[in-house]
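Chains as they are written, first to last, in the working numbering: chain A, 416 to 569; chain B, 1352 to 1517.
Given below as structure tokens:
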């Protein structure tokens, strides 16, 4: 008897809560950006730079710690054009010193607004990075960015 | 037209009151499962959201071959060897070791002494990328936004080697 009585009385109107939850849900759904898949694991170095990584039109050159280069783009259309249809779902493809320049020129022909970023691994030697910078200079990309993680100290 | 639009809500409100009262009671759906699902989705999106997008350091390099003549006394050279040791020298002075945590102080001091200071960074190929990023970061923090990166050559190696025996 007691139970039945108490049960009926707990009937809360959930509509406002549902409203709020839906609002939050739409907010998170719209703001979520899934971490773009990476072809290679890269541990970024830290810096105090506060410039954010651009979100679109990005050409990423990854340098892994075992001296491999990967070149990737954020748009699938561009990947399909540059890498061929079979590689369009891959985040990036491996390149070497000789092919990197051509791939960059090709990509910039399809999308001249492309911004170049270098994702170098912390432990990567400086040599390959220097090579990449030389290639960039050769193909006339004089503006590029180094991707880093924000360092909190100091 | 305006009159019609004003009049209408009144009549509908009168009508609605009667209808609403009747209707409201039976429409009581149990929303708990829906709320459960929505909460689940919220937690999922909250946890997968990445708020800290990576930062970038912008670099502009001069196009092609460009040469700038620099007075020797206003040239600060930083040489970084494979093990991460930093040597600095002004002009043609003999390079000295500077610990990384004192680098910023040194840079600020040098810049104050000579505002026209031009910094040249030479990083040995065997040294790590992190070292180079750290040094560039220090340069940026010391307000040196223009600096040159030059290849570390055999000639630089010789200079460093000559220092070692002492």
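Every residue, glycine too, gets a C-beta built ideally from N, C-alpha and C.
No experiment lies behind these values; they were computed from the predicted model shown.
Smallest Cα separation from residue i: which of the options?
i	options	result
residue 1396 of chain B	A:467, A:440, A:463 and A:456	A:440
residue 470 of chain A	A:476, A:492 and A:530	A:530
residue 463 of chain A	B:1514, B:1407 and B:1459	B:1407
residue 549 of chain A	A:565, A:536, A:515 and A:564	A:515
residue 498 of chain A	A:480, A:517 and A:482	A:517
residue 506 of chain A	A:537, A:456 and A:543	A:456
residue 536 of chain A	A:433, A:512, A:562 and A:554	A:562
residue 519 of chain A	A:552, A:540, A:500 and A:541	A:552
residue 1389 of chain B	A:512, A:430 and A:486	A:430
residue 532 of chain A	A:461, A:487 and A:565	A:487
residue 1447 of chain B	B:1430, B:1481 and B:1393	B:1430
residue 554 of chain A	B:1399, B:1414 and B:1384	B:1414
residue 544 of chain A	A:566, A:442 and A:482	A:482
residue 1509 of chain B	B:1445, B:1481 and B:1466	B:1445
residue 444 of chain A	B:1391, B:1380, B:1481 and B:1453	B:1391
residue 1383 of chain B	A:432, A:567, A:442 and A:541	A:432
residue 1433 of chain B	B:1479, B:1452, B:1385 and B:1507	B:1479
residue 1386 of chain B	A:448, A:446 and A:438	A:438
Less than 7 angstroms between C-beta atoms, sequence neighbours within five positions excluded: which residues of the same chain meet that for residue i?
i	result
residue 493 of chain A	522, 525 and 526
residue 1334 of chain B	Residue 1334 of chain B lies beyond the stretch modelled for chain B, which goes from 1352 to 1517, so this question has no answer here.
residue 1487 of chain B	1408
residue 1490 of chain B	1458, 1470 and 1498
residue 1455 of chain B	1489, 1492 and 1493
residue 427 of chain A	none
residue 528 of chain A	472
residue 556 of chain A	519 and 531
residue 496 of chain A	525
residue 1468 of chain B	1425, 1427, 1461 and 1462
residue 1379 of chain B	none
Helix, strand or coil: how does DSSP classify residue i here?
i	result
residue 1482 of chain B	helix
residue 1457 of chain B	helix
residue 1470 of chain B	strand
residue 1425 of chain B	helix
residue 1408 of chain B	strand
residue 1393 of chain B	helix
residue 1360 of chain B	Since pLDDT at residue 1360 of chain B reaches only 45, below the 50 mark, its modelled position is unreliable, and no value is offered.
residue 1505 of chain B	helix
residue 1437 of chain B	strand
residue 561 of chain A	strand
residue 1353 of chain B	Here residue 1353 of chain B scores only 40 on pLDDT, less than 50, and its place in the model is too uncertain to base an answer on.
residue 550 of chain A	helix
residue 1431 of chain B	strand
residue 488 of chain A	strand
residue 1463 of chain B	helix
residue 1500 of chain B	strand
residue 426 of chain A	coil
residue 479 of chain A	coil
residue 473 of chain A	strand
residue 540 of chain A	strand
residue 1449 of chain B	strand
residue 556 of chain A	coil
residue 1495 of chain B	coil
residue 1380 of chain B	coil
residue 466 of chain A	strand
With a CB to CB cut of under 6 angstroms and the five nearest residues on each side skipped, what residues in its chain are close to residue i?
i	result
residue 491 of chain A	503
residue 1483 of chain B	1474
residue 460 of chain A	537 and 563
residue 1355 of chain B	Per-residue confidence for residue 1355 of chain B stands at a pLDDT of 41, beneath the threshold of 50, marking its modelled position as unreliable; no derived number is given.
residue 558 of chain A	none
residue 1554 of chain B	Nothing can be reported for residue 1554 of chain B: it is not among the residues displayed for chain B, which extend from 1352 to 1517.
Can you list, in chain order, the residues of its chain with a C-beta nearer than 8 angstroms to that of residue i? Leave out the 5 residues immediately preceding and following it.
i	result
residue 538 of chain A	458 and 480
residue 511 of chain A	484
residue 1450 of chain B	1437
Kindly say whether residue i, judged by its beta-carbon, lies nearer than 8 angstroms to any beta-carbon of chain D.
i	result
residue 1452 of chain B	Absence of chain D from the displayed structure is noted, the protein chains being A and B.
Worksheet item: Is the region 1503 to 1510 of chain B close to the region 473 to 490 of chain A, with three or more CB pairs under 8 angstroms?
Response: no
Worksheet item: Does the region 1482 to 1496 of chain B come close enough to the region 1451 to 1462 of chain B that 3 or more CB-CB pairs lie under 8 angstroms?
Response: yes
Practice prompt. Starting from the N-terminal side, write out each stretch of the beta strand (DSSP E) that is 3 residues or longer and does not extend beyond the region 496 to 535 of chain A.
Written response: 507 to 510 and 530 to 535
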